[in-house]
Amino acid sequence: MKYFLFILPLALQSCQGQQGPIIIQDTTLSRGKALQPVVVTEPVLYDSDDPAIWINKADTAHSLIIGTDKNSDGGLYVFDLQGKVVQKVSGLKRPNNVDIAYGLRLNGQPTDIAVTTERETNSLRIYRLPDMQAVDGNGIPVFEGEQERAPMGISLYTRPSDSAIFAIVSRKTGPATQYLWQYRLQDNGKGQVTATLVRKFGQYSAKKEIESVAVDNELGYVYYSDEQSGIRQYYADPAKGDAELSLFGQHEFRADNEGISIYKTGPATGYILVSDQDANSFNIYRREGDAGNPQRHTLLKKILVSAMNSDGSDVTNVALGARFPKGLFVAMSTDRTFHYYDWRAIEELIMKNE
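Below you can see the structure in the form of structure tokens.
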């Protein structure tokens, strides 16, 4: 049975004062034509910015969402699938974006990690999952020797051939070339993570900034949002070179192209979702590219969401309990919350005109 809650727009706008998550019964209900979330999380203290999904492989229904609170006294919030805060790492100096990787070997044990950029200390902060214990020796400096250092975007690449894990980091501003730096993450022999710089790459238009970075591990691509210019695509493996493979999404966003997420429907198929921040919507592109040209991405669909001015998102195709049997899409909203969407609702909208 479906419940039609016509007071939802007010509820969503006023959730800053909520003490608990908002549970919405009907994912097809719309504010105008905006897709509604299944869950809106409890609010963070200052400024929600970017989420990442950690899959609990032992019990996917107990997976977690890690979200940043971007402030000089900010932190990382850990939410359950009901949107409740279950843990918090406080005292971070403007944590910006966050990403997750599985199986980094520390003290000989495969370890899942969450990595966030800490802008005001020019560092990466790394935490073991799910207990959120720091394993970074109080921070790993990035962009050393550069005038412009403040890190923003982060995406973790796990190379299929040898399971090596790399952090690809963007910054607030920088040069026209070699804008992103890529670091290999490894154990220092004492159970702490070290980062070794392996390459500098990536074009920058200088129109605004580069924040969102996303990696497709299986296809071996890294994408990043050069805001007000488009989405740039490169190989994620340093051994494959630094040539730009594509620049797409030009003139398809109201202003800022932002958060990037990749939903996989098969080994080489799926969708790339990119936030049109000022339009409160996400542009959808085929993960595999256009027929006959995997590096050309034609706009497939624009989906309006209730998350406001979203510049960070994540998605998984893994079933996460009864509410999310085909996966979960999570997007930050500027009301200090994160919105959880049932992938089935997004898939239905994509398929309508295919």
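Each residue of the sequence shown is one higher than the one before, starting from 1408 at the first, in the numbering used here.
All C-beta atoms, glycine included, are put in the ideal place defined by N, C-alpha and C.
As the structure is a prediction and not an experimental result, all values here were calculated from the model.
Item                                                                                                                                           : Value
Which of the three DSSP states is assigned to D1663 in this structure?                                                                         : coil
Do K1500 and T1528 have their C-beta atoms closer together than 9 Å?                                                                           : yes
Distance, Cα to Cα, F1689 vs P1548?                                                                                                            : 33 Å
Measure how close the beta-carbons of I1520 and V1542 come, nearest whole angstrom, since I'm counting them as under 8 Å.                      : 7 Å
Is the separation between the beta-carbon of L1563 and that of S1577 shorter than 9 Å?                                                         : no
Using DSSP with H/G/I as helix, E/B as strand and the rest coil, what is M1758?                                                                : helix
In the DSSP assignment, find the beta strand (DSSP E) that holds Q1494 and state where it starts and stops.                                    : 1492-1499
Between D1486 and V1737, what straight-line distance do the alpha-carbon atoms span, to the nearest angstrom?                                  : Note that residue 1486 corresponds to Phe in the displayed sequence, not to Asp. If I take the Cα positions, the gap works out to 11 Å.
With DSSP run on the structure shown, which of helix, strand or coil describes I1462?                                                          : coil
Between which residues of its own chain and F1731 is the CB-CB distance below 8 Å, once the five residues before and five after are set aside? : V1445, L1488, Y1747, D1749, W1750
Using the Cβ count rule (16 or more neighbours within 10 Å means buried), how would you classify P1361?                                        : The requested residue 1361 does not occur in the structure, where the chain is confined to residues 1408 to 1761.
In or out: E1634 buried (at least 16 other Cβ within 10 Å) or exposed?                                                                         : buried
Under 9 Å, Cβ to Cβ, is there at least one residue of chain C near S1720?                                                                      : Given the protein chain composition of this structure (a single chain), no chain C is represented.
Excluding the 5 residues flanking G1546 on each side, which residues of the same chain have their C-beta closer than 8 Å to its C-beta?        : E1525, T1528, S1530, L1531, R1532
Helix or strand or just coil, what does DSSP make of A1613?                                                                                    : coil
Using DSSP with H/G/I as helix, E/B as strand and the rest coil, what is T1705?                                                                : coil
If you draw a straight line from the C-alpha of I1575 to the C-alpha of L1592, how long is it?                                                 : 10 Å
Looking at the strands, I want to know which residues DSSP matches up with M1739.                                                              : F1745
Using 9 Å as the threshold, is the C-beta distance between I1638 and M1559 below it?                                                           : no
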